[in-house]
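First comes the structure, then the notes that go with it.
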Amino acid sequence: MFRWARMFAALFYLGALFSGAAWLANRHLAFDGLVAVAVGGRESLAVRPAGEGAGFTPSPHRGLSPDLLPFDNPAAARRLFPSSGRFDAEGLGFALELRRAEVMERLPDLEVIEARAAGTEPVEVPAKSGQSVPVPGGEGTVVEVGPWAGIIPEPGGRPLAALSWRPAPDAPWTQGVFLEEGRWTFLTPEAAFHLQWARDEAAAEAVLPEAPPGLDAARWGVRDVRRVHWFQSFEPGTACTVSDGAEYVLLQRPEDGAQTSVLRVGVRKGEEKRVLEIPANTAGADDPVLFEYPGALPVRVLVRPWREGAARVAAWRGADRLPSARMKEGDVLDLGGGAALRLDGAAPAAVPVGTSGSPVQAALVRTHTGALLRLREGLLLRDEGVSWRYRRLPQPPRMRYTLARGGTEHVLEPGGTVTLGPWTFAQTEDNLAAEKTALLRARRSWGGPLGQVAVALLVIGALGWAVLSARRPRRPEFPPPPLACGDAPGPPDEEGETDGEGE
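Here is the structure:
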């Protein structure tokens, strides 16, 4: 029995040694890196940033750029690993194939408000109304989030301004009112807007008239297939002939300054004659004659920018001229009667961005100082030492990959793992090219088999030792009393006991 006890003790001792060996192997031979494999392709090389990780790699490919590493598919690796990076590489010992890639779920973009103060880590919070943004010195608040329309400065663009209009305090803002140089923009039946750039602020103020726009700001036109013949003249007899032979003649000069002004035009085609009466600013898409008259609308606004994001503005409500205002981007002008105007931007060279299709988003943020910032996607604004930015972060889809080694297929889903030899593979969470190229976390663990053997030896040794200890006979708790001098033990009785008394 003693021999068995020594054997189980030896097994336990070996288990302890194997446990130490497994720990050392995991610490010094483990490799935690990445594998990039394209759909339908294969890869046999794992990489990690040079100098990272505790494991030792005997591979000669250390501290190299992706262009110098022997990838099976260099194009796939270049898509996911930056060319400026330096990497350590380790061979898998086999070619890992990616046979199929299936999209399980497409995730919406993650929209965040980022606040960054000098010397601190950036703070990111969801771009949702009511969300608080903690920053040094206070707390900001996301007031509202929604589609954005405006202008973006562009060297090859044209002079533009962007406004938002609100007819009443409880009405939503109408964004994307784009003004072009020298032209009137109409929001029928409420308002008309005109843009003219000036060389400086004094010139911008000087070109704002005291009188409201009259008939000199109006024009009329005749449709001709895909074009319009426009006329600034309102002298009776002004005429034109269109492609189908019809002749249009202005019969009467409209009344200047009348908000119910009507244009009377005679039409003659062959023997047919008729007279058209066209109310100002009411022409539909199929009407042959158009009459644009800003003075017939309740509100007229003249916008005179002199630099990017700043303008002098004059407005009339009816016959009353409102005081001219100096506006910068984001300012709101009260036009009376509950109507309001907001300057969303002005630039001498820009392109318009509307709200159709997949619109740009914007957030109205009240900063820790109480200032209101309108942040569109990608725009960086600063307020009292804190920079604010609205970011839309694309999210990779959830994928199901079918991997193969030597003809045997293995399915890898989000959160799962596939173990092939000493390597364990899992999906990464930030691969935007996941549909075409899988970026897998690859971990080599040489201590795995050693650890299993160590546990088995420890369990066998401990159980065997425990069983032998349970079966070993117990010694008496108290030794028998010593014999008196000269006494000799008597012969055993029938029950095997010894009589201690002599004859």
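Read left to right, the sequence shown gives residues 184 to 686 (the numbering used here). Note that the Cβ used here is the ideal one computed from N, Cα and C, for glycine as well. These numbers come from a predicted model, not from an experiment.
Q. Is the number of C-beta pairs between the region 495–503 and the region 541–552 that are closer than 8 Å three or more?
A. no
Q. Do you know how far the Cα of LEU217 is from the Cα of LEU263?
A. 10 Å
Q: Could you tell me the boundaries of the beta strand (DSSP E) in which LEU480 lies?
A: Taken as a continuous stretch (DSSP letters only), LEU480 belongs to no beta strand (DSSP E), as it is neither H nor E.
(Q) Can you give me the C-alpha to C-alpha distance between VAL306 and GLN358, rounded to a whole angstrom? (A) 30 Å
Q | CA nearest to the CA of ALA468, picked from LEU446, ARG572, VAL411 and GLY449 | A | VAL411
Q) So ALA508 packs on LEU518, CB below 8 Å; how close in whole Å? A) Between LEU518 and ALA508 the Cβ distance is about 10 Å, and since that is not below 8 Å, they are no contact.
Q. Is DSSP giving ARG269 helix, strand or coil here?
A. coil
Q: Please state whether DSSP places ASP250 in a helix, a strand or coil.
A: helix
(Q) Taking the alpha-carbon of ASP399 as reference, which of ASP439, GLU373, VAL425 and PRO372 has the nearest alpha-carbon? (A) ASP439
Q: Could you check how far apart the C-beta atoms of GLU288 and ARG575 are, in whole angstroms? I think they sit under 8 Å.
A: About 19 Å; that fails the 8 Å criterion.
Q. Roughly how many whole angstroms lie between the Cα atoms of LEU391 and ARG495?
A. 8 Å
Q: Please list, in chain order, all residues of the same chain as THR585 whose beta carbon is under 7 Å from its beta carbon, the five residues on each side excluded.
A: ARG282, ARG283, GLU592 and VAL594
Q | Option in ARG626, ARG627, ASN614 and SER628 with minimal Cα separation from ALA259 | A | ASN614
Q) Quick check: the region 335–343 against the region 518–530, are there 3 or more CB pairs under 8 Å? A) Enough Cβ pairs lie closer than 8 Å, so yes.
Q.
Determine whether the beta carbon atoms of SER312 and VAL328 lie at a separation below 8 Å.
A. Yes. Within cutoff.
Q: Kindly indicate which three-state DSSP category HIS211 falls into: helix, strand or coil?
A: With a pLDDT of 49 at HIS211, under the threshold of 50, the predicted position of this residue should be treated as unreliable, though the coordinate-derived value follows. Note: HIS211 maps to helix in three-state DSSP.
Q | Unbroken stretches of the beta strand (DSSP E), 3 residues or longer, contained in the region 546–571 | A | 555–559 and 563–566
Q. Exposed or buried, what is TRP331 when buried is set at 16 or more other beta-carbons lying within 10 Å of its beta-carbon?
A. So TRP331 counts as buried.
Q: Please specify which runs of the beta strand (DSSP E), each continuous and at least 3 residues long, are wholly inside the region 267–342, giving them in chain order.
A: DSSP runs (the beta strand (DSSP E)) wholly in the region 267–342: 270–288, 293–300, 306–309, 315–318 and 321–331.
Q. Fully enclosed by the region 384–409, which alpha helix (DSSP H) runs are 4 residues long or longer?
A. Taken in chain order, the complete alpha helix (DSSP H) segments of 4 or more residues contained in the region 384–409 are 384–389.
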